[in-house]
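This report refers to the structure that appears directly beneath it.
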Amino acid sequence: MRILITGGAGFIGSHLCDRLLADGHEVLAMDNLITGSTDNISHLAGNRRFKFIHHDVTDYIYVPGPVDAIMHLASPASPVDFDRIPIQILKVGSLGTHNALGVAKEKGARFLLASTSEVYGDPLIHPQPENYWGNVNPIGIRGVYDEAKRFAEAITMAYHRIHGVDTRIIRIFNTYGPRMRLSDGRVVPNFVGQALRGEPLTVYGDGSQTRSFCFVSDLVDGMVRLLTSDETMPVNVGNPTELTILEFARVINRLAGNPAGIAFKPLPADDPHVRRPDITRARTILGWEPQVSLDDGLATTIGYFRSRV
Ligand code: NAD
Ligand code: UDP
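Following this line, the structure appears as structure tokens:
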């Protein structure tokens, strides 16, 4: 297949490029580098089946030649960016998704939307199944991301129903691994960077909020399985092993050998209290199951960051 990946120079997007090239596909990575970097794809420069296109998908997208599939990942994803670049986040989720769907319609390409567990907001049902509608504050700090992704899901389903575009929606839960930016602001690069510098880990609030962390190779495998399946309704992909952020900080200090402990900081507004995917649909429809343990995934990630701190 000839596959367009928007957000292809980002953390997940660049791993997806690697996987699809290894599977024998041709890959066009489109990115405006707002939170991504060409460092993530520089190793692919000599590959004849790979091309990088520097473009902002909120502007009209032109791709010459046939396209068999579009995997639409373009969007900042770190909570620190919800404050910093809220309008860009709203635009890429809305205008960017509209443009990417337009390419899918024009080319007759399959379209996969990278959605998020954030569509569930601060969830009142736990763990979260796909038929839960969520609990989102539309005017809160996180609303710019949550509502942009909810709009993206809505317009994806509208293009499916009205224009017959062959669509997929993956709801990605917290994913980590090499190629996250040290300055990204999400919990994994923050904690690993602090641990490797011998600093205390900044736990927000009392650390009782929970998350469930998936290693990037597992996520990418779930994305490819969904793309090649027939499932058009949303599918959660994430690792259901749930722990509190305080427990998570202790795991990272142990693995990195950091004696500096923990420093408590204020909890940001609307920070979800719990998050864990119900992956029954991924298991039954995709035959997908995470393979990488938290200790192994974090050891790999710490190894990646060690040379960059
Ligand atoms: P990332 O910031 O590394 O990747 C996003 C990429 O999109 C970046 O390379 C960025 O430059 C690019 N981009 C942003 N706006 C763009 C625009 N207007 N035009 C072109 N490119 C643009 O983050 P990531 O963690 O790799 O996230 C990738 C996708 O997965 C995002 O859609 C995100 O919402 C989704 N997601 C990620 C997670 C996670 O835990 N990592 C969880 C849920 C959903
Ligand atoms: N968090 C933290 N310290 C940090 C960064 C994040 O305690 O330095 C917490 C954050 O408040 C949230 C969890 O870790 O409860 C996950 O945060 P992240 O920014 O990775 O993304 P989220 O899952 O909230 O979208």
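In the numbering used here, the protein residues as written are 3 to 311. Built from N, CA and C at the ideal position, the CB exists for glycine as well. Since the structure is predicted, the reported quantities are computational estimates derived from the model, not experimental observations.
query: Contact under 8 Å by Cβ, residue 6 with residue 105; result: yes
query: Inter-stretch contact (C-beta, 8 Å, three-pair minimum) for the segment 199–207 and the segment 264–283; result: yes
query: Option nearest residue 42 by Cα separation, candidates 50, 11 and 55; result: 11
query: DSSP-derived helix/strand/coil call for residue 282; result: helix
query: Among 154, 126, 197 and 206, the one whose alpha carbon lies nearest that of residue 268; result: 206
query: Three-way DSSP call (helix, strand, coil) for residue 272 in this model; result: coil
query: Alpha-carbon spacing of residue 152 relative to residue 121, whole angstroms; result: 6 Å
query: Identity of the residues DSSP links to residue 244 by a beta bridge; result: 214
query: Residues bridged to residue 24 [DSSP beta-bridge criterion]; result: Paired residue(s): none; residue 24 is not in a bridge.
query: Simplified DSSP assignment, three categories, for residue 265; result: strand
query: Inter-residue spacing [alpha-carbon to alpha-carbon] between residue 69 and residue 211; result: 42 Å
query: Limits of the beta strand (DSSP E) - the one that residue 118 falls within; result: 112–118
query: For residue 188 and residue 282, the rounded distance between their alpha carbons; result: 27 Å
query: Contact test: residue 67 Cβ vs ligand 3 heavy atom, cutoff 7 Å; result: Of the ligands one can find in the structure shown, namely ligand 1 and ligand 2, none is ligand 3.
query: Continuous beta strand (DSSP E) assignments of at least 3 residues falling wholly in the segment 35–84; result: 52–56 and 71–74
query: Continuous alpha helix (DSSP H) stretch holding residue 163: start and end; result: 145–165
query: Buried or exposed (CB count within 10 angstroms, at least 16 for buried), residue 311; result: exposed
query: Residue 239 and residue 224 closer than 8 Å at C-beta; result: yes
query: Supposed close pair residue 219, residue 241 - CB separation, criterion 8 Å; result: 12 Å between Cβ atoms; not a contact.
query: With 16 other Cβ atoms within 10 Å as the buried cut-off, status of residue 165; result: exposed
query: Environment of residue 50 [buried if 16+ CB atoms lie within 10 Å]; result: exposed
query: Exposed unless 16 or more other CB atoms sit within 10 angstroms - verdict on residue 192; result: buried
query: For residue 256, three-class secondary structure by DSSP; result: helix
query: Beta-carbon separation (whole angstroms), residue 116 vs residue 172, contact threshold 8 Å; result: 6 Å
query: Beta-carbon separation (whole angstroms), residue 228 vs residue 308, contact threshold 8 Å; result: About 33 Å separates the two Cβ atoms, so there is no contact after all.
query: C-alpha distance - residue 208 paired with residue 306, whole-angstrom precision; result: 29 Å
query: Residues sharing a beta bridge with residue 172, DSSP; result: 116 and 237
query: Nearest neighbour of residue 294, chosen from 222, 39 and 232 [CA to CA]; result: 222
query: Sub-8 Å separation of residue 180 and residue 60 beta-carbons; result: no
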